[in-house]
Amino acid sequence: VRESGGDKIVSLSKATHKALNRKALIEKRLLQALDQKNLKVLYQPQVNIESGKITAVEALVRWEDEVIGVVTPDELIPIAEETGLINNIGSFMLEKACEQALIWKKAGFDLKVGINSSVREFRDKNMAKAVLDTLAKTGCPASLLQIEITEKFALEAEAATFITQQMRKLENEGIVFVLDDFGTGYGSFRYMQILPIDTLKIDQTFTRSLMKSEKTQKLMLGMVQLGKSMDLNVVAEGVETAEQANLLKSFGCDTIQGYHISKPVTPEEIEILLVK
Ligand code: C2E
Ligand code: CA
Ligand code: CA
Ligand code: CA
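When the letters of the sequence shown are read in order and numbered with full-length UniProt numbering, they come out as residues 398 to 673.
The following block contains the structure:
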């Protein structure tokens with residue numbers, strides 16, 4: 398008994414050790430990847446349910462390191478947040494998204510490009526300026542940029558005031574803010590109240606149980622109606638079937654995103670979908 402107990406302790410600490418090593422390795426390789434701009438971006442379309450037209454795309458980071466292999470966003474983003482490298486990923490994605498939005502505009506496509514960022518990034522004094530500088534540098538019109546924001550933690554009152562100001566500054570320039578993962582975050586309602594939000598994106602966990610749960614149907618209908626009553630655009634994400642899309646349409650949802658339309662794809666594949 399003692400021996401096996403001892404083994405357990407050893408293997409536990411081994412696992413912890415391994416996790417720490419992996420984190421350190423990811424951090425090291427990520428620094429290099431950022432330096433060499435070795436990250437990739439895929440885009441997932443959002444479609445207006447009524448017209449069937451693609452109105453926007455969401456930029457999602459992809460990273461395949463030559464040593465580590467594929468590191469998924471679900472592993473990458475928390476580590477990047479912890480180490481502060483999330484700001485570097487944020488700048489990279491912003492620049493890429495702006496460049497791509499301009500390419501599409503020049504090709505005659507009227508398409509907004511969304512990037513993901515944490516509300517916390519707006520605590521940085523330079524965030525609003527950095528966004529405006531990138532728009533200026535790339536020549537991308539502000540009206541083509543969407544910023545999807547999420548926050549897993551509560552915001553202190555002082556920070557909230559500052560963040561709201563930063564976001565207003567960008568909103569005045571024409572940038573659109575999307576409240577991502579709506580219905581799950583700590584501060585969903587609070588954010589709706591204080592931040593200059595244009596669009597609600599209902600979290601995909603709701604979509605996933607939509608056809609199985611009457612409660613979820615009532616919740617989603619309620620969220621759509623809430624958004625509409627506040628003159629917000631409402632997006633449902635994680636839509637995988639025509640059944641889900643039809644029900645969401647009957648709820649009055651404006652826009653859908655998910656595998657039913659397309660998985661995240663390259664810019665070239667987006668163009669194929671646009672001319673279809
Ligand atoms: P998110 O912002 O909620 O993005 C949606 C995620 O759901 C994406 O996963 C997308 O590939 C996936 N997805 C889209 N449609 C469907 C569907 O129909 N079914 C299912 N099962 N999944 C679907 P991904 O790309 O792995 O990203 C995961 C999360 O990582 C994102 O969730 C976002 O929070 C974060 N993330 C990704 N890229 C970035 C980035 O560039 N910056 C930041 N800060 N976060 C990012
Ligand atoms: Ca998102
Ligand atoms: Ca989301
Ligand atoms: Ca999510």
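In this text, a Cβ means the ideal position worked out from N, Cα and C, and glycines have one as well. Given the structure is predicted, the values throughout are model-derived calculations rather than measurements.
Short of 6 Å in beta carbon distance, which residues of its chain neighbour residue 509, apart from the five on each side in sequence? Order them along the chain.
Within the same chain, residue 509 has close Cβ partners 453, 541 and 543.
The stretch 552-568 in contact with the stretch 581-600 per 3-pair CB rule at 8 Å:
In short, these stretches touch, since the Cβ pair count reaches three.
What separation, rounded to the nearest whole angstrom, lies between the Cα atoms of residue 499 and residue 538?
Between residue 499 and residue 538, the C-alpha separation is close to 8 Å.
Is it right to say residue 514 is buried, meaning 16 or more other beta carbons lie within 10 angstroms of its own, or is it exposed?
With a 10 Å radius around the Cβ and a threshold of 16 neighbouring Cβ atoms, residue 514 comes out buried.
Can you determine whether any heavy atom of ligand 3 sits closer than 7 Å to the C-beta of residue 598, and answer yes or no?
True, at least one ligand heavy atom lies under 7 Å from that Cβ.
Let me make sure I understand the geometry here. Which of 613, 474 and 448 has the alpha-carbon closest to that of residue 602?
For residue 602, the closest C-alpha among the options 613, 474 and 448 is that of 613.
Which residues in the same chain as residue 462 place their Cβ atom closer than 6 Å to its Cβ, once the five residues preceding and following it in sequence are excluded?
Taking C-beta separations shorter than 6 Å and ignoring five residues to either side along the sequence, the partners of residue 462 in its chain run 426, following chain order.
Give the DSSP-derived three-state secondary structure of residue 506 in the structure shown.
Per DSSP, reduced to three states, the secondary structure at residue 506 is coil, with no helix or strand assignment.
Same chain only: Cβ atoms within 7 Å of residue 524, ignoring 5 sequence neighbours per side:
Hits under 7 Å: 518 and 563.
Return the CA-CA distance between residue 356 and residue 572, expressed in angstroms with no decimal places.
Because the chain spans 398 through 673 in this model, residue 356 falls outside it and cannot be assessed.
Applying the criterion that 16 or more other CB atoms from any shown protein chain within 10 Å of the CB defines a buried residue, is residue 497 buried or exposed?
Buried.
Starting from residue 452 and walking both ways along the beta strand (DSSP E), at which residues does that stretch end?
According to the DSSP assignment, residue 452 belongs to the beta strand (DSSP E) that extends over 451-462.
Using the C-alpha atoms, what's the distance from residue 421 back to residue 450?
C-alpha separation (whole angstroms): 43 Å.
State yes or no: is the C-beta of residue 630 nearer than 7 Å to some heavy atom of ligand 2?
Answer for residue 630: no, Cβ out of range of ligand 2.
C-beta atoms of residue 661 and residue 457 nearer than 8 Å
Yes. Within cutoff.
Got a sec, what are the start and stop residues for the alpha helix (DSSP H) residue 664 sits in?
Element bounds for residue 664: 664-672.
Looking at residue 463 and ligand 1, is the gap between the Cβ and the nearest heavy atom below 7 Å?
Distances from the CB of residue 463 to the heavy atoms of ligand 1 are all 7 Å or more.
Which stretch, first to last residue, makes up the alpha helix (DSSP H) that contains residue 588?
Per DSSP, residue 588 belongs to the alpha helix (DSSP H) from 585-591.
Is any heavy atom of ligand 2 found at a distance shorter than 7 Å from the C-beta of residue 521?
No; taking the cut-off as 7 Å, the Cβ of residue 521 has no heavy atom of ligand 2 nearer than that.
Residue 601 CB to nearest heavy atom of ligand 6 below 7 Å:
Ligand 6 is not part of the structure shown, which contains ligand 1, ligand 2, ligand 3 and ligand 4 as its ligands.
Could you work out which residue in 554, 527 and 547 is closest to residue 580 when comparing CA atoms only?
Nearest of 554, 527 and 547 to residue 580, Cα basis: 547.
Assign residue 412 to buried or exposed, taking buried as 16 or more other Cβ atoms, counted over all protein chains shown, within 10 Å of its Cβ.
Exposed.
As a quick exercise: from 477, 469 and 445, pick the residue whose alpha carbon is nearest that of residue 428.
Ranking the options by Cα distance to residue 428, first place goes to 477.
Measure the alpha-carbon distance for residue 666 versus residue 502 and round it to whole angstroms.
Going by the C-alpha atoms only, they are around 16 Å apart.
With a CB to CB cut of under 8 Å and the five nearest residues on each side skipped, what residues in its chain are close to residue 434?
489.
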